[in-house]
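This report refers to the structure that appears directly beneath it.
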Amino acid sequence: MKYQDNIKNVAALQPDYLGFIFYEKSARNFDSESIPDIHEAIKKTGVFVDASLEFVIDKINKHNLQAVQLHGNESPEYCDDLKNRHAKFVSVSHPLEIIKVFSVKDEFNFNRLKPYEAVCDFFLFDTKGKHPGGNGYTFDWNLLNHYPSTKPFFLSGGIGLEEIEDIKQFTNSKASKYCYALDVNSKFEIEPGLKNIEALKAFKKNLSEVLDYKKEHVMNYNVNEKGYYGEFGGAFIPEMLYPNVEELRQNYLKVMAEPDFKAEFDKLLKDYVGRPSPLYFAKRLSEKYNTKIYLKREDLNHTGAHKINNTIGQILMAKRLGKHRIIAETGAGQHGVATATVCALMGLECIVYMGEIDIARQAPNVARMKMLGAKVVPALSGSRTLKDATNEAIRDWINNPVDTHYIIGSAIGPHPYPDMVTRFQAVISEEIKWQLKEQTGNENPDYLVACIGGGSNAAGTYYHYLHEPEVGIIAVEAAGLGVDSGESAATSVLGKEGIIHGCKTLLMQTQDGQITEPYSISAGLDYPGVGPMHAHLAKTGRAEFMAITDEDAMNAGLELCKLEGIIPAIESSHALAIFEQRQFKPNDVVVVSLSGRGDKDLNNYIEYFKI
Amino acid sequence: MNRINKKLNEDKKLLSIYFTAGYPNIDDTVTIIENLEKNGVDMIEIGLPFSDPLADGPTIQASSTAALKNGMTTEVLFEQLKDIRKTVNIPLIIMGYFNPMFQYGVEAFCKKCQEIGIDGLIIPDLPVDVYHEEYQAIFEKYGLINVFLITPQTSDERIHYIDSISNGFIYMVSSASTTGAQSGFGTVQTEYFERIGKMNLNNPQVIGFGISNNETFTQATQYAKGAIIGSAFVKHVTNNGVNSIDTFVNSILN
Ligand SMILES: Cc1ncc(COP(=O)(O)O)c(C=O)c1O
Numbered sequence: 001m002k003y004q005d006n007i008k009n010v011a012a013l014q015p016d017y018l019g020f021i022f023y024e025k026s027a028r029n030f031d032s033e034s035i036p037d038i039h040e041a042i043k044k045t046g047v048f049v050d051a052s053l054e055f056v057i058d059k060i061n062k063h064n065l066q067a068v069q070l071h072g073n074e075s076p077e078y079c080d081d082l083k084n085r086h087a088k089f090v091s092v093s094h095p096l097e098i099i100k101v102f103s104v105k106d107e108f109n110f111n112r113l114k115p116y117e118a119v120c121d122f123f124l125f126d127t128k129g130k131h132p133g134g135n136g137y138t139f140d141w142n143l144l145n146h147y148p149s150t151k152p153f154f155l156s157g158g159i160g161l162e163e164i165e166d167i168k169q170f171t172n173s174k175a176s177k178y179c180y181a182l183d184v185n186s187k188f189e190i191e192p193g194l195k196n197i198e199a200l201k202a203f204k205k206n207l208s209e210v211l212d213y214k215k216e217h218v219m220n221y222n223v224n225e226k227g228y229y230g231e232f233g234g235a236f237i238p239e240m241l242y243p244n245v246e247e248l249r250q251n252y253l254k255v256m257a258e259p260d261f262k263a264e265f266d267k268l269l270k271d272y273v274g275r276p277s278p279l280y281f282a283k284r285l286s287e288k289y290n291t292k293i294y295l296k297r298e299d300l301n302h303t304g305a306h307k308i309n310n311t312i313g314q315i316l317m318a319k320r321l322g323k324h325r326i327i328a329e330t331g332a333g334q335h336g337v338a339t340a341t342v343c344a345l346m347g348l349e350c351i352v353y354m355g356e357i358d359i360a361r362q363a364p365n366v367a368r369m370k371m372l373g374a375k376v377v378p379a380l381s382g383s384r385t386l387k388d389a390t391n392e393a394i395r396d397w398i399n400n401p402v403d404t405h406y407i408i409g410s411a412i413g414p415h416p417y418p419d420m421v422t423r424f425q426a427v428i429s430e431e432i433k434w435q436l437k438e439q440t441g442n443e444n445p446d447y448l449v450a451c452i453g454g455g456s457n458a459a460g461t462y463y464h465y466l467h468e469p470e471v472g473i474i475a476v477e478a479a480g481l482g483v484d485s486g487e488s489a490a491t492s493v494l495g496k497e498g499i500i501h502g503c504k505t506l507l508m509q510t511q512d513g514q515i516t517e518p519y520s521i522s523a524g525l526d527y528p529g530v531g532p533m534h535a536h537l538a539k540t541g542r543a544e545f546m547a548i549t550d551e552d553a554m555n556a557g558l559e560l561c562k563l564e565g566i567i568p569a570i571e572s573s574h575a576l577a578i579f580e581q582r583q584f585k586p587n588d589v590v591v592v593s594l595s596g597r598g599d600k601d602l603n604n605y606i607e608y609f610k611i
Numbered sequence: 001m002n003r004i005n006k007k008l009n010e011d012k013k014l015l016s017i018y019f020t021a022g023y024p025n026i027d028d029t030v031t032i033i034e035n036l037e038k039n040g041v042d043m044i045e046i047g048l049p050f051s052d053p054l055a056d057g058p059t060i061q062a063s064s065t066a067a068l069k070n071g072m073t074t075e076v077l078f079e080q081l082k083d084i085r086k087t088v089n090i091p092l093i094i095m096g097y098f099n100p101m102f103q104y105g106v107e108a109f110c111k112k113c114q115e116i117g118i119d120g121l122i123i124p125d126l127p128v129d130v131y132h133e134e135y136q137a138i139f140e141k142y143g144l145i146n147v148f149l150i151t152p153q154t155s156d157e158r159i160h161y162i163d164s165i166s167n168g169f170i171y172m173v174s175s176a177s178t179t180g181a182q183s184g185f186g187t188v189q190t191e192y193f194e195r196i197g198k199m200n201l202n203n204p205q206v207i208g209f210g211i212s213n214n215e216t217f218t219q220a221t222q223y224a225k226g227a228i229i230g231s232a233f234v235k236h237v238t239n240n241g242v243n244s245i246d247t248f249v250n251s252i253l254n
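Chains as they are written, first to last, in the UniProt record's numbering: chain A, 1 to 611; chain B, 1 to 254.
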């Protein structure tokens, strides 16, 4: 856009974005002093070509731009720098949207997108031509059939009124799955920079249905750069923790992308943890419930649960960051054992905080941690359970700001923890994809089911499927003695938005904002909050939440023993219990995360069933 | 002018005391405030107790748990303080964690503070950037000063940013720790105090964490406009109740 009246007229059509080119060599270069007032829902977007960061920040500030389109050879580091500078000099809470443009001709190497995944919000595909943008003809959209990413993209390049039928066809094809917006320019111009309002009106009218549909269905469930999932997440931490958390935030994606980090992580998962964990078709269980149930066998991992995927990742991260003292919190002791294990493996000092009451309840795991060389420190404050152990671990970190890394055990805590833990656990869904493809010919199940304490096994199970709308997501919380009994841990039902352990999420609390003590027979689900990703999945309706009582979980656990010869952790039994409550079709493929094995729960099972 | 700014303009070193509202007994709040003022304390931080006080050590944790058991809530505190300005003139600051304020409604909370005559807030787990983006306008609308913490690990750049957002004083945490963990200052601390002193910040600094007696108070105020005592005072009321506050304050000032 270039001319003031023309800008207002286009704005009146309520586009989602409105672009202004800041590139002197372009005939459409925007050189007016200011942009007229337009509705605030329209994102003012600056279009740049290899401009200096100072120049871009200056224009953002001057014109209050909410997004930038980068049309040159800007590197991933450039995008990252731009984000950081924007956070510092412009706004922290309203992050800049970065749209990175890629020009496509007859072919396109999609590997080029990879380094930009973490640093951009959208990709834009334009036709390769003489100029950076605005060449006036389309590329072969079928190329997007091979789009390997789940990042929403803009489709651009020579789109005009004649393309309406093609667009309609395109939106029905697989290639358009992540298409988020259409970007139009030269085909709607009377002259460069002057838009033809009538033509735009006609275009919008013809496409409004498909556009609205698309917008609704390409919702983002991943974390944004500021650490939010929708309205949940963030980093609500005392200043004393800022340097540590910030160091992690700046490094975690970079470190995780390093080839030797990945190689080391993968190798340990394979040789030490025993991955890939099998995807097992549970034939007798399937027969009983007249549907197709597959169990993802995280219980077969070393140390008996999914927790080790995360601790392996984080111990390698801690080493890369030069930390030599490791702290962790634990409830039932599973995460404590998984942390003590990797510390032994790496020869690092390990201190595990555990509520005094849990220490008494979980003696075998306390012994395991000690055998592995960890120091177990009782949390004596508050209610002396998991939430207080987490507080104590955080306090330890405040007191030891330089040499210590805190390995959080679930997809909770301040950003970047929920995202980092999720990415380490994402190996679960990565494997489900190819295993299911191998076994059924289709990598997508109809449903994924996982239990949720803080939400790490669930986040890992869902991660690669979040943006596959045909895959149903079922999240199972612990109802304890019943959701309305006052003894429950069903956070999505009983919780309200609030702040716990550094993140804004749903949590169980009094009206006065004091965090309350949850209850479940399963110590691993006994947390008053839920990871921010899950709060977002609940709020947007992307996931279906179910609550399972102690009794139903225990019975489902015993049933799995009898039907399949597998003794599950009580946490995982909650996920299995949904089949008594919810009907599936005979041909539905339902993948259940069997997050852990039941050895640690034997005493519970013995007492409960008087075995 | 806000009472905090006025106090900071006085030509003296300031003693600020923290106590947990509703502790040792639910109705001690007003008595403690009045006694502190009477004995020459310059500024008071009224602790709004929270179930999960992340930045606090055992002493303040225990007082918070006890205060909540005693029935302290945001409503109760506001009710207790409603006539406080009839008897008390020194600056009053509420110190608490963000979740109870968030549940009360940040704007409603600020409005109530203004009605009562609260001058400022310290919210350790509300980061400066979130405050800046989302809440600063509300705080300013109700004339409240928000006080931010810095620590020995805070970068110069960030200190300047915090200074630019502050409009009262900067709370200088003496060392990387939770409350009540330190005793006495070594060269590491004094070097840090000096470093900050040389930065020529717009806002005066007040040192907190690890100040417990005349010696540490005197040492801290060599480098800063004032000092804050928390855990040591809470311990004192634990052991002596609210009747011998004069003994405690005198032991610090003389
Ligand atoms: C076997 C098992 N499953 C599930 C959980 C719950 O944790 P999350 O929700 O992070 O997966 C735990 C926690 O201890 C566990 O041990």
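Cβ atoms here follow ideal geometry from the backbone N, Cα and C, with glycine treated the same way.
Q189 of chain B and Q153 of chain B have their C-alpha atoms spaced approximately 11 Å apart.
Within chain A, the C-beta atoms nearer than 9 Å to that of I150 of chain B come from E239, in chain order.
Selection A:Y221, A:S52, A:S488 and A:T171 evaluated against E209 of chain A yields A:T171 as nearest (Cα-Cα). Under the 8 Å criterion on CB atoms, P243 of chain A is classed as interfacial with respect to chain B.
For the pair of segments examined, the segment 566-582 of chain A was found not to touch the segment 266-273 of chain A: the number of CB pairs separated by less than 8 Å stays below three.
Less than 8 Å divides the Cβ of V476 of chain A from the Cβ of I452 of chain A.
In the displayed model, A202 of chain A falls within a helix according to three-state DSSP.
Between F22 of chain A and K59 of chain A the beta-carbon gap is near 5 Å, inside 8 Å, which marks them as a contact. Cβ proximity to chain B below 7 Å picks out K387, N391, I394, R395, I398, N399 and P401 from the segment 383-402 of chain A.
Residue range T187 to G197 is occupied by the alpha helix (DSSP H) that includes T187 of chain B. Within chain B, no residue has its beta carbon less than 9 Å from that of D81 of chain A; the closest one is some 15 Å off. The beta carbons of Y18 of chain B and I228 of chain B sit closer together than 8 Å. With a threshold of 16 other beta carbon atoms within 10 Å, H464 of chain A meets it and is buried. Contact annotation: in the segment 32-54 of chain B, residues whose CB is within less than 9 Å of a CB in chain A are P49, F50, S51, D52, P53 and L54. By the rule of a C-beta closer than 7 Å to any heavy atom of ligand 1, the residues picked out are A:A305, A:H306, A:K307, A:G331, A:A332, A:Q334, A:H335, A:G409, A:S410, A:A411, A:C451, A:I452, A:G453, A:G454, A:G455, A:S456, A:N457, A:A458, A:A523, A:G524, A:L525, A:A569, A:E571, A:S572, A:S595 and A:G596. M546 of chain A: member of the beta strand (DSSP E) spanning A543 to T549, first to last residue. In the DSSP annotation of this structure, the continuous segment of the alpha helix (DSSP H) that includes I7 of chain A starts and ends at Q4 to A11. The C-beta of T65 of chain B comes closer than 8 Å to at least one C-beta of chain A. Q80 of chain B sits in a helix when the DSSP states are folded into three classes.
For Q136 of chain B and D5 of chain A, the gap between their C-alpha atoms comes out near 36 Å. Residue A:A332 holds the alpha-carbon nearest to the alpha-carbon of L602 of chain A among A:I98, A:A332 and A:F265. Chain A has no Cβ within less than 8 Å of the Cβ of T247 of chain B. Between S522 of chain A and the set A:M554, A:M546, A:T540 and A:V589, the nearest pair of CA atoms involves A:M554. Residues of the segment 205-236 of chain B with a C-beta atom less than 7 Å from some C-beta of chain A do not occur. Residues of chain A whose Cβ lies closer than 8 Å to the Cβ of N25 of chain B do not exist; the shortest such Cβ separation is about 19 Å. Distance from the CA atom of K2 of chain A to the CA atom of D81 of chain A, rounded to whole angstroms, is 28 Å. Contact of F55 of chain A with chain B by beta-carbon distance below 7 Å is absent, the smallest such distance being about 22 Å.
Residue contact with chain A for Q153 of chain B: present (Cβ-Cβ distance below 8 Å to some residue of chain A).
Taking CB atoms only, F232 of chain A has no neighbour in chain B less than 8 Å away.
Within the segment 291-359 of chain A, the runs of alpha helix (DSSP H) that reach at least 4 residues and sit entirely inside it are, in chain order, 307-320 and 334-346.
Under a criterion of Cβ atoms nearer than 9 Å, the residues of chain A adjacent to F102 of chain B are, in order, E497, G498, I499, K504 and G513. In the DSSP assignment, T179 of chain B falls outside any beta strand (DSSP E), carrying neither H nor E. Along the length of the segment 148-230 of chain A, whole beta strand (DSSP E) runs at least 3 residues long occupy 153-155, 179-182 and 189-191, reported in chain order. Here the alpha carbon of A547 of chain A sits roughly 26 Å from the alpha carbon of S51 of chain B.
Classified as buried, Q219 of chain B has 16 or more neighbouring CB atoms from the shown chains inside 10 Å of its CB. Going by DSSP, H236 of chain B is part of the alpha helix (DSSP H) stretching over S231 to N240.
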